[in-house]
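Asker: If you use this note's numbering, the sequence shown corresponds to residues 82 to 171, in order.
A virtual CB, placed ideally from N, CA and C, is assigned to each residue, including glycine.
Here it is, the structure in full.
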Amino acid sequence: MNTTQNTTNNTFEMVTEALDKPFSEYDLEDLHTLLCMAKFTRTQLKKYHSESKALQEAGDDYLKDLLDLHRELYDREFRSTSGYKRKEVK
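This is the structure in structure tokens:
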């Protein structure tokens, strides 16, 4: 396995472990770092594991989860500092 694949696997494991943390333990900086790691992992999975649809979908799922967390955390931080309240869409 080459260095890029090792880095991809290590990053994938770190993102996986990080997603298991409770939401309350995240701050925007941590989440931004995780988001960058997830994007890197997803790119690498698509590049080096193009034959594995399951791995690609796993990378997409992790990125979606992190984007959702990022949006929620940003909204929460924004509301707490500005008094803004987002309307819920039904």
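1) Report buried or exposed for Tyr28, applying the criterion of at least 16 other Cβ atoms within 10 angstroms of its Cβ.
2) According to DSSP, is Asp141 part of a helix, a strand, or is it coil?
3) Taking Glu94 as the reference, which of Asp108, Phe121, Asp149 has the closest Cα?
4) Rounded to whole angstroms, what is the Cα-Cα separation between Asp111 and Lys145?
5) Just to confirm, are Leu115 and Leu148 a CB contact at a threshold of 7 Å?
6) With distances taken from CA atoms, which of His151, Lys134, Arg157 is nearest Cys117?
Answerer: A quick look at the data gives this:
1) With the chain covering 82 to 171 only, the question about residue 28 has no answer from this structure.
2) helix
3) Phe121
4) 16 Å
5) no
6) His151
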